[in-house]
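Worksheet: one structure, shown below.
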Amino acid sequence: GAVVSQHPSWVICKSGTSVKIECRSLDFQATTMFWYRQFPKQSLMLMATSNEGSKATYEQGVEKDKFLINHASLTLSTLTVTSAHPEDSSFYICSASGRGESTDTQYFGPGTRLTVL
Amino acid sequence: AQSVAQPEDQVNVAEGNPLTVKCTYSVSGNPYLFWYVQYPNRGLQFLLKYITGDNLVKGSYGFEAEFNKSQTSFHLKKPSALVSDSALYFCAVRPAGNMLTFGGGTRLMVKP
Numbered sequence: 001g002a003v004v005s006q007h008p009s010w011v012i013c014k015s016g017t018s019v020k021i022e023c024r025s026l027d028f029q030a031t032t033m034f035w036y037r038q039f040p041k042q043s044l045m046l047m048a049t050s051n052e053g054s055k056a057t058y059e060q061g062v063e064k065d066k067f068l069i070n071h072a073s074l075t076l077s078t079l080t081v082t083s084a085h086p087e088d089s090s091f092y093i094c095s096a097s098g099r100g101e102s103t104d105t106q107y108f109g110p111g112t113r114l115t116v117l
Numbered sequence: 118a119q120s121v122a123q124p125e126d127q128v129n130v131a132e133g134n135p136l137t138v139k140c141t142y143s144v145s146g147n148p149y150l151f152w153y154v155q156y157p158n159r160g161l162q163f164l165l166k167y168i169t170g171d172n173l174v175k176g177s178y179g180f181e182a183e184f185n186k187s188q189t190s191f192h193l194k195k196p197s198a199l200v201s202d203s204a205l206y207f208c209a210v211r212p213a214g215n216m217l218t219f220g221g222g223t224r225l226m227v228k229p
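Protein sequence lines correspond, in order, to chains A and D.
Quick note on numbering: my numbering labels position 7 of the first sequence as 7, and the sequence is numbered without any gaps.
Quick note on numbering: my numbering labels position 84 of the second sequence as 201, and the sequence is numbered without any gaps.
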């Protein structure tokens with residue numbers, strides 16, 4: 001099946017620093033990638049959607065200058081949390097959908113746990 | 118606007134017994150329906166989906182789900198639960214051309 005990886009799996013950083021999270025589709029071309037945020041014991045909240053080669057579409061209430069998304073190729077999207085603060089601590093999950101059989105289905109990465117001190 | 122409801126926060130079942138995790142949805146048109154499972158500190162794993170065709174869909178790890186259009190439901194089922202099935206289960210709906218909308222999740226606890 002389709003495999004999506006994320007790196008790093010967890011990261012701890014100081015307040016004010018920037019953190020980059022990578023999302024890769026390993027065995028299919030991801031025409032669309034999604035970034036979600038999940039708080040403890042809650043469902044996933046969609047942050048933004050990105051299509052390869054174009055700007056991301058952010059959900060209402062998500063600061064695009066704080067959460068920078070780059071979908072540079074059909075296998076890689078990055079989320080950069082700029083000037084991170086403790087309230088940005090969360091579990092960030094990416095997903096991808098692509099061509100062929102993977103068009104209808106989003107396949108999720110394993111998630112990245114961000115802790116901002 | 119579309120919505121997905123998982124009415125049970127938690128479902129408890131004994132190992133070997135059948136399990137059902139409920140999901141109902143509200144969306145216009147003919148949606149695509151999905152079930153995902155999440156283990157602790159992990160991303161979501163795709164279990165199964167309904168697009169069209171047979172109302173009973175079979176998926177990974179012995180799970181299946183039944184699409185009921187009149188009741189707008191898509192309950193997840195398994196004939197015989199395993200302790201290793203204990204996890205968080207999410208139902209999701211995607212109207213044609215739109216984004217996935219997730220239910221709130223149901224925690225399944227299978228006890229030996």
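Even glycine gets a Cβ: it sits at the ideal position worked out from N, Cα and C.
Values in this document were obtained by computation on a predicted structure and should not be read as measured data.
Exposed unless 16 or more other CB atoms sit within 10 angstroms - verdict on residue i
{"i": "Pro148 of chain D", "result": "buried"}
{"i": "Asp202 of chain D", "result": "buried"}
{"i": "His164 of chain A", "result": "An answer regarding residue 164 of chain A cannot be provided, because it is not within the stretch 1 to 117 covered by chain A."}
{"i": "Ser145 of chain D", "result": "exposed"}
{"i": "Thr169 of chain D", "result": "exposed"}
{"i": "Ser43 of chain A", "result": "buried"}
{"i": "Gly16 of chain A", "result": "exposed"}
Which residues DSSP lists as bridging residue i, in chain order
{"i": "Glu181 of chain D", "result": "D:Lys175, D:Lys194"}
{"i": "Arg224 of chain D", "result": "D:Gln127, D:Leu205"}
{"i": "Ala96 of chain A", "result": "A:Met33, A:Tyr107"}
Within chain A, partners of residue i - CB distance below 9 Å
{"i": "Phe180 of chain D", "result": "Here the premise fails: no neighbours, minimum Cβ distance about 15 Å."}
Residues that residue i contacts on chain D, provided the C-beta gap is smaller than 7 Å
{"i": "Gln106 of chain A", "result": "Leu217"}
{"i": "Leu79 of chain A", "result": "Within 7 Å Cβ-Cβ: nothing; Leu79 of chain A doesn't reach chain D, min ~14 Å."}
Proximal residues of chain A, C-beta to C-beta of residue i below 8 Å
{"i": "Tyr142 of chain D", "result": "Chain A residues near Tyr142 of chain D: none, gap ~14 Å exceeds 8 Å."}
{"i": "Tyr149 of chain D", "result": "Asp104"}
Amino acids of chain D, ordered along the chain, whose beta-carbon sits closer than 8 Å to that of residue i
{"i": "Gly111 of chain A", "result": "Asn158, Arg159, Gly160"}
Contacts of residue i in chain A (Cβ-Cβ under 7 Å)
{"i": "Gly222 of chain D", "result": "Ser43"}
Residue i: contacting residues in chain D (beta-carbon distance under 9 Å)
{"i": "Thr49 of chain A", "result": "Met216"}
Open item on the list: I'd like the ranges of any beta strand (DSSP E) spanning at least 3 consecutive residues and lying wholly in the stretch 3-70 of chain A.
Closed with: 4-7, 10-13, 19-25, 30-38, 44-51
Task: the stretch 82-98 of chain A contacting the stretch 34-42 of chain A, beta-carbon criterion three pairs below 8 Å - done: yes
Task: the stretch 192-210 of chain D / the stretch 76-87 of chain A touching (three or more Cβ pairs under 8 Å) - done: Touching, no, given that fewer than three Cβ pairs across the two stretches are closer than 8 Å.
TODO: Please determine if the stretch 121-138 of chain D and the stretch 218-229 of chain D are in contact, where contact requires at least 3 C-beta pairs separated by less than 8 Å.
DONE: yes
- [ ] Entirely within the stretch 120-171 of chain D and at least 3 residues each: give me those beta strand (DSSP E) ranges in chain order.
- [x] Runs of the beta strand (DSSP E) inside the stretch 120-171 of chain D: 120-122, 127-131, 136-138, 141-143, 149-155, 161-167.
Open item on the list: I'd like to know if the stretch 148-167 of chain D and the stretch 204-219 of chain D are in contact, where contact means that at least 3 CB-CB pairs between them fall below 8 Å.
Closed with: yes
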